[in-house]
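Going by our numbering, the first residue of the sequence shown is number 5, and it counts up by one from there.
Every residue gets a Cβ at the ideal spot worked out from N, C-alpha and C, and that includes glycine.
Quantities reported herein were computed from a predicted structural model and do not represent experimental measurements.
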Amino acid sequence: MSAIEPDTKDWTWVLERPCPACGYDAGTLDRTTLGARLRRDAAGWPALLAAPDAAVRPAPGVWSVLEYGCHVRDVHGVFGERVALMLAQDDPVFGSWDQDEAALDGRYQLQHPATVARELMTAADTVAAAYDAVPGDAWGRRGRRSDGSVFTVETLGRYHLHDVVHHAHDVRAAAAAVDDVLGPLRERFAAMVGAGGRVLEIGSGAGRDAAALEALGLAVRRTDVAPGLVELLCADGHDADVLDPLVDDLDDPRRPGTPYDGVRASASLLHVARADLPVVLARLAAATRPGGALHLSVKQGDGEGWSTHGSVPAPRRFTSWRADALAAVVAGAGWEVAAQEEREGQRGETWHQVLARRR
């Protein structure tokens, strides 16, 4: 694995002017909301860490989502210790903390994403509670780093929040760069759906794809079989539903009786058993208007079974497909295949991409 170039920059300038990369502006922060802001940032990490490629670096020398998550978890712990020290002592000097050494010593790349997500949430809540409890006359108490940089409790909190906000921005920017590979395919799907069309998304996950489709002028019903991911989508202000396309009613409770203009199931139906995929696709066809669009993606291969690989600790079913067999199942379920493509994934695996129309 390629080494990460150490970050030796002095970021204290973010206390004086907005960060042009992530948009964070320390000067506009109401210190009484610091705890809430840290909790809100942390709430987005479980979905990021649940991504199938969370442990994969987007480029040599660039941290994976997993490594960033480990770092953010540890940042919360370090800043929590510093806040406690400043409140207990007069003008203390903080112990040195080298983030790059911490990543190597902690073997960030080998940690389990789901465990890191839980630990990050706990660490964020702990330090947020510490900021919530700072007495009004204690925000000006001072402390200093070993390099001589001086902070008050308030400026330390502002600096702390930028650190985690900036890393969340880094992760989402990297994900967007990878996702751009599928941009043309997404645009073809959107054109098939039609301007203003309604899409049922199966397996919304963190909601990145839904946001991209909405940016193209579509309306998206976000769904996922995992209640935790649905809760996070709702916490972000979206309508979202727990839905298993094999057994649940596919009718949209917000638009009862109205068929969808399209269905998108990207990297989600690979968890459906081989014998069940025809049933799922037929149910999705029945919920879609004639001429409506389907975008489906699954991994290439022949296997089927349960596995704990990836970033989710619980066993999950994985079913791989060959292109001809997949096209036959799609056609037999009431869809007419319009296009098939193969694309290479980040781990070197091959993904089948299918665009189809409802007959």
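As a quick exercise: from the options, pick the residue whose alpha carbon is nearest that of residue i.
i	options	result
HIS75	VAL168, ARG226, GLU353 and TRP355	VAL168
PHE322	ALA137, SER272 and VAL333	SER272
VAL251	PRO260, LEU281 and ALA106	LEU281
PRO188	ALA244, LEU359 and GLY338	LEU359
VAL224	ALA230, GLY207, LEU236 and GLY232	GLY207
PRO231	GLU218, ALA216, ALA210 and LEU217	ALA210
LEU247	ALA216, ASP240, LEU204 and GLY241	LEU204
PRO22	ALA142, LEU165, GLN103 and ALA239	LEU165
HIS116	GLY99, LEU70 and PRO139	LEU70
VAL229	ALA215, ASP245 and LEU237	ASP245
ALA63	ASP243, CYS238 and ALA177	ALA177
ALA291	VAL60, VAL276 and PRO260	PRO260
ARG86	ARG149, GLU345 and PRO263	ARG149
ALA59	ARG111, ASP265 and GLY307	ARG111
PRO139	THR36, ARG43 and ALA216	THR36
ARG192	LEU108, LYS13, GLY31 and GLY266	GLY266
Which residue comes first and which comes last in the alpha helix (DSSP H) that contains residue i?
i	result
ALA239	231 to 239
PRO117	117 to 136
TYR264	Unbroken run through TYR264 is the beta strand (DSSP E), 264 to 270; no alpha helix (DSSP H).
PHE98	Premise fails: PHE98 is in no alpha helix (DSSP H) and is neither H nor E.
PRO38	What sits at residue 38 in the sequence shown is Leu, not Pro. Run containing LEU38: 38 to 47, per the alpha helix (DSSP H) assignment.
HIS275	Premise fails: HIS275 is in no alpha helix (DSSP H) and is neither H nor E.
PRO188	187 to 197
GLY73	69 to 92
ARG212	212 to 219
Can you name the residues that DSSP bridges to residue i?
i	result
GLN344	VAL358
GLU205	ARG226 and ARG268
GLU308	THR323
LEU300	ALA269 and VAL358
GLY147	PHE155
TRP339	ARG362
THR292	TYR264
Here's a check: name, in chain order, each residue in its chain whose Cβ is nearer than 8 Å to the Cβ of residue i, leaving out the five neighbours to either side.
i	result
GLY221	ALA194, ALA199 and GLY200
GLY84	ALA127, THR130, VAL131 and ALA134
ARG361	MET196, GLY295, GLY296, ALA297, LEU298, TRP339, GLU340 and ALA342
ALA121	TRP49, PRO50, LEU53, ALA54 and GLY73
PRO263	ALA291, THR292, ARG293 and GLY296
ASP306	SER324 and ARG326
TRP143	ARG35, THR156, VAL157 and GLU158
To which residues of the same chain is residue i closer than 6 Å at the C-beta, ignoring the five residues directly before and after it?
i	result
TRP17	none
SER301	SER270, ALA271, TRP355 and GLN357
HIS170	CYS26
ALA337	PRO282, LEU285, ALA286 and ALA289
HIS80	ALA127, ALA128 and VAL131
ARG363	GLY338 and GLU340
GLY161	LEU38 and TYR135
ARG212	none
TRP101	VAL82
ARG268	VAL203, GLU205 and HIS299
Under 7 Å Cβ to Cβ from residue i, same chain only, skipping five residues before and after it: list those, please.
i	result
ALA106	ASP78
TYR72	HIS171, ASP174 and VAL175
VAL316	The predicted model places VAL316 with a pLDDT of 43, which falls under 50 and marks its position as unreliable; any figure quoted below should be read in that light. Answer for VAL316: ALA54 and ALA118, listed in chain order.
ARG145	MET90, LEU91, THR156 and VAL157
GLU123	ARG77
CYS238	ALA244
In terms of residues, what are the limits of the beta strand (DSSP E) holding residue i?
i	result
ASP253	Unbroken run through ASP253: none, as it is neither H nor E.
ALA244	244 to 246
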